[in-house]
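Per my numbering, residue 38 is the first one in the sequence shown, and the count goes up by one each step.
Each residue gets a CB set at the ideal place from its N, CA and C atoms; glycine is no exception.
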Amino acid sequence: MIKIDIQKMLHGSNGQMNLQVDLNINEGDFIALAGRSGSGKTTLLRILAGLENAKGEIKVGDEIWQDKLTCKSVQKRGIGFVFQDYALFPNMSIIENLLFVQKDKALAKHLLELTELGALQHRLPSTLSGGQQQRVS
């Protein structure tokens, strides 16, 4: 069984929010994370992988991965992870990332509107949710 009971304050594209997860997953269960962009799905996966910190406890079987005293290292968790922002330049805005590939402003603006990212075009990748980063990539 995997027991997750964590809290983390997030500062996303929709402002501040408190991510709270209290979940028990039995061995053999298949689960899916669903929610709006910026709701904390990627953050939860990053916390489980040990790439981000949160308050609370994560327990896998009889082993504590995270609590007030323990934080199991990323390398010892055995979780595979495909990053969503690997193809983005972190020092460039979203529009600059798109224009780096092809210097066509009209096409870049069209793609931003198509992916519902037009209002975020001047933001840096680190300020976007995981799903938004993936759409830019």
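Rounded separation between M46 and N90 - CA only: If you take the alpha carbons of M46 and N90, they lie about 11 angstroms apart.
What ranges does the beta strand (DSSP E) occupy inside the region 84-170, keeping only unbroken runs of at least 3 residues that lie completely in it? 92-97, 100-103
Measure the C-alpha to C-alpha separation of Q170 and P162 and round it to an integer number of angstroms. Looking at the two C-alpha atoms, the distance is approximately 6 angstroms.
Closest residue to Q53 among Q112, K113, G77 (Cα-Cα distance): G77
Cβ of E100 within 9 angstroms of Cβ of I43? no
Buried or exposed (CB count within 10 angstroms, at least 16 for buried), I116: exposed
Round the Cβ separation of M38 and G98 to the nearest angstrom and send it over; I've been treating them as touching at under 8 angstroms. 7 angstroms
If I follow the unbroken beta strand (DSSP E) through G52, where does it start and stop? 52-62
Sort S174, S166, V173 by Cα distance to R73 and report the nearest one. That would be S166, whose Cα lies nearest to the Cα of R73.
Pairwise C-alpha distance: A69 and D141: 38 angstroms
In the structure shown, what three-state DSSP assignment does L47 receive? strand
V111 burial status per 10 Å Cβ neighbour count (16 or more: buried): Exposed, by the Cβ-count rule.
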